[in-house]
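>
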Amino acid sequence: MSNTDASGEKRVTGTSERREQIIQRLRQQGSEQVNDLSALYGVSTVTIRNDLAFLEKQGIAVRAYGGALICDSTTPSVAIFLR
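Add 2 to the 1-based position in the sequence shown for our numbering, that's all there is to it.
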């Protein structure tokens with residue numbers, strides 16, 4: 003049984019793998035929206051919100067309205083964005 007979809011891309015099979023991919027996307031994009039991540043991974047928005055809450059507790063991401071931002075020292079003042 004293969005873990006690839008029709009386009010040949012590897013499918014996410016578990017929570018930790020999905021969270022790791024979300025981290026990678028946040029690092030690449032800087033921010034992501036809950037609805038976009040939900041559609042991308044084929045899970046509910048509640049699942050994505052739980053993932054983002056977990057990443058926030060780990061100090062990896064900061065929740066923002068409708069999504070999240072990567073939390074790192076190179077991101078200029080995340081607090082300003084959230085105001």
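C-beta: ideal position from N, C-alpha, C; glycine also.
Values in this document were obtained by computation on a predicted structure and should not be read as measured data.
Let me know if residue 36 comes out buried or exposed under the rule of 16 or more other beta-carbons within 10 Å of its beta-carbon.
Against the sequence shown, residue 36 aligns to sequence position 34. With 16 or more Cβ atoms within 10 Å of its Cβ, residue 36 is classed as buried.
> In chain order, what residues of the same chain lie with their CB nearer than 7 angstroms to the CB of residue 73, ignoring the 5 residues before and after it?
Position 71 of the sequence shown, counted from the start, is the residue given in the question as residue 73. For residue 73, where only same-chain residues beyond five positions count, the Cβ hits under 7 angstroms are 61, 62, 63, 64, 80.
> CB residue 26 to CB residue 14, shorter than 8 angstroms?
The count along the sequence shown starts at 1 and reaches residue 26 at position 24. The count along the sequence shown starts at 1 and reaches residue 14 at position 12. Not in contact: residue 26 and residue 14 (Cβ atoms no closer than 8 angstroms).
> Buried or exposed for residue 41, going by 16 or more other Cβ atoms inside 10 Å?
For the purposes of this step, residue 41 is taken as the residue at position 39 of the sequence shown. Under this definition residue 41 is an exposed residue.
> If we call anything under 8 angstroms between Cβ atoms a contact, is residue 21 one with residue 56?
In the sequence shown, residue 21 corresponds to position 19, counting from 1. In the sequence shown, residue 56 corresponds to position 54, counting from 1. Yes, these two residues count as a Cβ contact at 8 angstroms.
> Quick one: Cα of residue 4 to Cα of residue 44, how far?
As a working mapping, residue 4 is identified with position 2 in the sequence shown. As a working mapping, residue 44 is identified with position 42 in the sequence shown. Because residue 4 sits at a pLDDT of 39, beneath the cut-off of 50, its placement in the model cannot be relied upon, and the following sentence gives the value as read from the coordinates. Cα-Cα distance, rounded: 17 angstroms.
> Within its chain, find whatever has a CB closer than 7 angstroms to the CB of residue 68; leave out the 5 residues flanking it on each side and keep chain order.
On the sequence shown, residue 68 is found 66 positions in, with the first residue counted as 1. Excluding positions up to five away in sequence, the list reads 35, 36.
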